[in-house]
Every structure is written in structure tokens, then in C-alpha cells.
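Protein chains in written order, with my numbering: chain A, 1 to 396; chain B, 1001 to 1241.
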């Protein structure tokens, strides 16, 4: 599928493919309807619950130099020291950026303009190595006025057993000073399919709160407050989780095989209540994005199938064999077969239907990747018939 | 609303009304993200609050700069968890000494609008989203008498504050019933550095102390009965019983 190279000016123009596994199974009908994101007003009904990931996106790509002056790009993976022993668990430290320590992936020469897999490996760095990062503005990559920025420094605390590219990094600054330095030195993580350098505001959802995500929780980019408030007025509840969405690619096959790494999440008490209320009313729980789904299902899995409020980490990989405990449907971007995100969707619909949906969408010009179009995988309700009638009238 | 334990972001917090409000809210147990350009003055305000056992984070940034909006809101959310109250207090007076519009450089007017109107709009836009998700939040706009009355030589500032008032009313109208509330306050004439810059010959004894106005503002923030979209005058405010 062709990737979207740039954020859409009008999120309302996002196309929405409704994939209806129940219709597909019961009647042998295709169970695919081509629409727009605003059709959520018809596809969701009173009593349903939409759960978004409210993590803001960090400027997680930092350009630095080693002690020997060798350039290296660091992409933050998640806050906290964890994972250094290769146990797959992220350490959850304080709110303040893990006491200044983060897990990070190292990249060699070049930048986002090359495909990550085409970039040379990063210099081999050991524990104790100091890295210095310059402010993004000083490199002339930003439109902002040149500001004097103090260089940000960090020390490699440890190297992960899974890959020499995965390290634990501790910054010298703390608190507000660290955040200021990170925002000055960092840029959004982006990939070779994008057209130009992205600004930080282009990778934020309309409800972005704590900066936990190192890549945008992109399914939510299609949601405007016009649409969300309208859904609320129609009786669709909206709740949130915070999930530290991680890197989708490091360019290192061995390390990529471990993705997604364990990521921290938080489920607020209000969301647990909202899920219970939706269940009571016969409503359906729809996760916005794979990260929201992983937080909800990962949390339930950690608590014997019950959703419990609180913070934790999850390395859960959803897949075909996965029995879902919380989430009934998912609003997601378009993912290509063979990717880990596509495998995740097999938890919501059979592979054959997903392949058919992908071909159907590609044929109709849907766009893929984080700024692309959307897909709702959710069993049919009576409301959707009106939409289908409308579509067939338009076709006739 | 009991302010104790709540996350509050105040712009222009290094001096005058902003610094005084920070002190008052900190005494009431609020957790503060303080924003200003001047690193040293802001650090002193935050340091004094921390020394007294309060929580205050000094976020050095320019409210008028587009690329500093997410650095401000991201740091505040990371450090406070939730920003539940946003106080737009930072202001740019424009050309000093105050000038006739005919003598005001276009760039000076642009800077005033950037700090007093566009900056608050961007910050609200970035922080109202999470407030809407939580169905709870308050945004306070510090306005001025110059937004309503017409004073020669106050054109840039007055126009910006009139625009800010209207922005506040429109936010309130659009998001009425969502749990996110808005109001504006005319603090009146205060004995501050800004007032001295604008009117160096004023009789300072006739001016309100920023600490008194800050106490009233803190009462307003705590008063959930203030109608959404209201514009209040500190001079006319009496404490709720």
C-alpha cells in the first residue's frame, strides 16, 4: 500500500474502512465498507466505549557525538533503566524520565531520509561512554529562532544483552532542566517514507497529555474534537489509557525481532469504571490504536483477566491465538501484511479477511503508515446498514 | 474546587501577579509548573516555593514562540502528571515608553499579539485536549481594563487583551458542558514592573499590591460557581462565603 508521506491537513478527510468479521463469517458477504472517519458516528452506537492512548509524542531522536567525536543518532525507546539484563521488562522509575535514565536505540551515520535497514551500524559503545547532544535549532533544522542551548550530556549505563544497539542512557540533567534540554535537542522520530522534517506538533493527537510515546499513537491522529464531542453527545463514552508507544523499527533485524519491547502503561480508575459501564449496557469497547489495545489487554493479562487500574509494563504481543478480555474492536491505521502490527490485527479478524481488506483498500487508493487512512475492525450492528444503503445509493 | 494537590500551570510566573499567584497557590498545596523567559528570576520564585515545602517546576520558555508550546506542555505534564488549571498571565506591553499606534512598529504589534493572544491560544489548544478527555479543567485569562476602555498609547496591548477576552468567551461557548471551564479576570491596576514601565509617574500608593490580587484570583480559581465564560474584575470581587 502506498504510504502517506505527510500529515493530513484535515483529519476529517481520513478514509475509514469498516471491516466486519461477524458479517463476513455469518453471511459470507464481504464485510467491507469504504467510508470516512466521520462514519464512526454511525458505526459506533450509544453505550459503546472508545479508549484512546493519550500519550504525547516525544522528540525522541537525538543527534550526538561520542567522546571520540563519532556522530551517532540516539532514539529514545522508553524511560527507566530496565531491560539491560535482557529480561524484556522495562523499569518503571519516577515520572521524571526514569530519574534521568532511558532505554535507547543507537543508529549509525545518516538520518531518517535513509531506510533504517540501509544505515550503517552505530559505533560500538560501552558502559561509561559519554555522549553529547547539540540543540536541534543550532543545526538549522528548525524554523525557530536560534536559541543558545546548553549541550545535553548523557552516559551509557549499560548495554542490552539482546543487541549492542540497545543501551541504557542516563542524562546529566534532571527535572524541568532535563525536559527543556530534551525538547531542544530532540526531533520527532520519522522514517524514509515521509517527505520533509516533521515538526513536533505534527505528531501529536488532539488529546496528547504526558510525553510517553517515542512514536505517535497514530490511529488517534484522525480524531478531531469535533468528532469526539459529537460521539460523546451521541452516547459513546470516551476513556483513556497512557501507553509509552515504542519504536516500530531499528533497522537491525535481530533487535526488530524483539519489538515491541516491554512498554509502560497506565490505566486510570475512571477507565476501569467506563469499561464496566459499557459492559453493563451491552456496549462494545473499541481501542484506538494497537497501543491502547496492548495496554488494556496487557493489564488484564497481568491481573488474571480482569482490568485493574494502575501502572505497569507490558510486553504483550497480540496475535491470532490471543483471547481478548477487554477490547471488542479496534480503530487502527492501515498495516501491510508481514508487519507485527498486521499480526496483531489477527487477534480481531481472520487473516484471510484482513488480506482481503488490505487488497480492497489498496485498490481504492487508501494510504498506509502513520499519516495514512484508518480501519475499524468491529462486528456489525444494525446501525451500519444505513451506511451501507447510503454507499450503494451513491454507487447507483 | 479544592486546589490542594492539583497541577497548575502559570505563565509569566517570574514576577508581579504571576509570581504572587504562584506563592498563594503553593501555600494552598497546589503543584506548580511555572513558565517565564527569565531563567534566574523564575528559578528564584520556584526555589522559594520549594524551600517552603511546596512543589514548583521552573520551565524556562517564551510563550510567544510557536516551537516552545509542546516543550512547555510536555514538561508540565511529565512533571505534574496532569495540568488541571492553566493561567494565562504572561503579557507583553508593547513599545515602551507607550507609543501612539501611528508610531508603533508592525513588528511590535506582532510580538504583543504573539505573547498575549496566539501564545495563550496555542497553550490552551495543547492542554484543553487532555482536559476534555478527563472532562475537567479550568483556563484563566488575565485581561485588562484596556481590553474594554480605549486609552491612547495602549493600542497594541488593548487590542491584544480585547482579542484574548473574545478568545476566552468563544472557548467557553464551544466547550460549554464538557467540564472544561474558562473565565477572564481584569486584575486592575497593580504595583508591578509592567505598570512602572507603562506609567512611570503613577502614584504607587494608589495601586493594588499583586499579592492582594493574587489572593482574589486564587479564590476565583477555587470557586466552581463562576459562570463559564465570565469576565470578572478583581476590584469588584468579594470572597465567597
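Using N, Cα and C, we set each Cβ at its ideal position, and we do this for glycine too.
Identified DSSP bridge partners for residue i
i: residue 243 (chain A); result: A:265
i: residue 1183 (chain B); result: B:1140 and B:1230
i: residue 1059 (chain B); result: B:1035
i: residue 368 (chain A); result: A:3
i: residue 333 (chain A); result: A:374
i: residue 211 (chain A); result: A:56
C-beta contact flag for residue i and residue j at 9 angstroms
i: residue 126 (chain A); j: residue 159 (chain A); result: yes
i: residue 16 (chain A); j: residue 378 (chain A); result: no
i: residue 1003 (chain B); j: residue 1087 (chain B); result: no
i: residue 288 (chain A); j: residue 217 (chain A); result: yes
i: residue 292 (chain A); j: residue 236 (chain A); result: no
i: residue 234 (chain A); j: residue 46 (chain A); result: yes
i: residue 215 (chain A); j: residue 243 (chain A); result: no
i: residue 1085 (chain B); j: residue 1137 (chain B); result: yes
i: residue 80 (chain A); j: residue 261 (chain A); result: no
i: residue 1018 (chain B); j: residue 1080 (chain B); result: no
i: residue 181 (chain A); j: residue 152 (chain A); result: yes
i: residue 106 (chain A); j: residue 123 (chain A); result: yes
i: residue 22 (chain A); j: residue 380 (chain A); result: yes
i: residue 333 (chain A); j: residue 219 (chain A); result: yes
i: residue 1090 (chain B); j: residue 179 (chain A); result: no
i: residue 315 (chain A); j: residue 266 (chain A); result: no
i: residue 1059 (chain B); j: residue 1020 (chain B); result: no
i: residue 290 (chain A); j: residue 345 (chain A); result: yes
i: residue 1163 (chain B); j: residue 1183 (chain B); result: no
Residue burial classification, residue i (beta-carbon count within 10 angstroms, cutoff 16)
i: residue 1096 (chain B); result: exposed
i: residue 335 (chain A); result: buried
i: residue 948 (chain B); result: It is not possible to answer for residue 948 (chain B), since the shown part of chain B is limited to 1001 through 1241.
i: residue 355 (chain A); result: exposed
i: residue 359 (chain A); result: exposed
i: residue 1185 (chain B); result: buried
i: residue 1206 (chain B); result: exposed
i: residue 1171 (chain B); result: buried
i: residue 1023 (chain B); result: buried
i: residue 1100 (chain B); result: exposed
i: residue 253 (chain A); result: exposed
i: residue 26 (chain A); result: exposed
i: residue 1070 (chain B); result: buried
i: residue 1173 (chain B); result: exposed
i: residue 140 (chain A); result: Because residue 140 (chain A) sits at a pLDDT of 46, beneath the cut-off of 50, its placement in the model cannot be relied upon, and the following sentence gives the value as read from the coordinates. By the 10 Å Cβ count, residue 140 (chain A) comes out exposed.
i: residue 1026 (chain B); result: buried
i: residue 1197 (chain B); result: exposed
i: residue 1047 (chain B); result: exposed
i: residue 1203 (chain B); result: exposed
Reference residue i; option with closest CA among the options
i: residue 328 (chain A); options: A:337, A:213, A:352 and A:19; result: A:19
i: residue 1123 (chain B); options: B:1063, B:1190 and B:1163; result: B:1063
i: residue 272 (chain A); options: A:238, A:255, A:257 and A:24; result: A:238
i: residue 162 (chain A); options: A:257, A:348, A:195 and A:294; result: A:257
i: residue 286 (chain A); options: A:330, A:220 and A:325; result: A:330
i: residue 304 (chain A); options: A:156, A:326 and A:251; result: A:326
i: residue 340 (chain A); options: A:318, A:361 and A:297; result: A:318
i: residue 1001 (chain B); options: B:1057, B:1030, B:1077 and B:1178; result: B:1030
i: residue 308 (chain A); options: A:320, A:268 and A:294; result: A:268
i: residue 177 (chain A); options: B:1180, B:1150, B:1042 and B:1093; result: B:1042
i: residue 188 (chain A); options: A:179, A:345 and A:201; result: A:201
i: residue 114 (chain A); options: A:32, A:190 and A:100; result: A:190
i: residue 228 (chain A); options: B:1119, B:1163, B:1054 and B:1129; result: B:1129
i: residue 374 (chain A); options: A:36, A:24 and A:58; result: A:36
i: residue 1200 (chain B); options: B:1098, B:1053 and B:1012; result: B:1098
i: residue 104 (chain A); options: A:343, A:323 and A:171; result: A:171
i: residue 56 (chain A); options: B:1169, B:1103, B:1047 and B:1126; result: B:1126
Own chain partners of residue i with C-beta closer than 8 angstroms, once the 5 adjacent residues on each side are dropped
i: residue 1208 (chain B); result: 1187, 1188, 1189, 1190, 1191, 1234 and 1235
i: residue 71 (chain A); result: 63, 64, 65 and 109
i: residue 224 (chain A); result: 11, 12 and 206
i: residue 1194 (chain B); result: 1016, 1091 and 1093
i: residue 1211 (chain B); result: 1020, 1023 and 1024
Residue i: CB within 8 angstroms of a non-hydrogen atom of the ligand FMN
i: residue 176 (chain A); result: With respect to the ligand FMN, the structure shown offers nothing to examine, as it has no ligands at all.
Residues of its chain near residue i, where Cβ-Cβ distance is below 7 angstroms and the 5 sequence neighbours each way are ignored
i: residue 1161 (chain B); result: 1116, 1143, 1144, 1146 and 1147
i: residue 128 (chain A); result: 155 and 156
Other residues of its chain near residue i: CB distance less than 6 angstroms, five sequence neighbours each side excluded
i: residue 4 (chain A); result: 367, 369, 371 and 372
i: residue 1239 (chain B); result: 1219
i: residue 1113 (chain B); result: 1160
i: residue 1237 (chain B); result: 1216
i: residue 1037 (chain B); result: 1062
Partners in chain C for residue i, counting only beta-carbon separations shorter than 8 angstroms
i: residue 238 (chain A); result: No chain C appears in this structure, whose protein chains are A and B.
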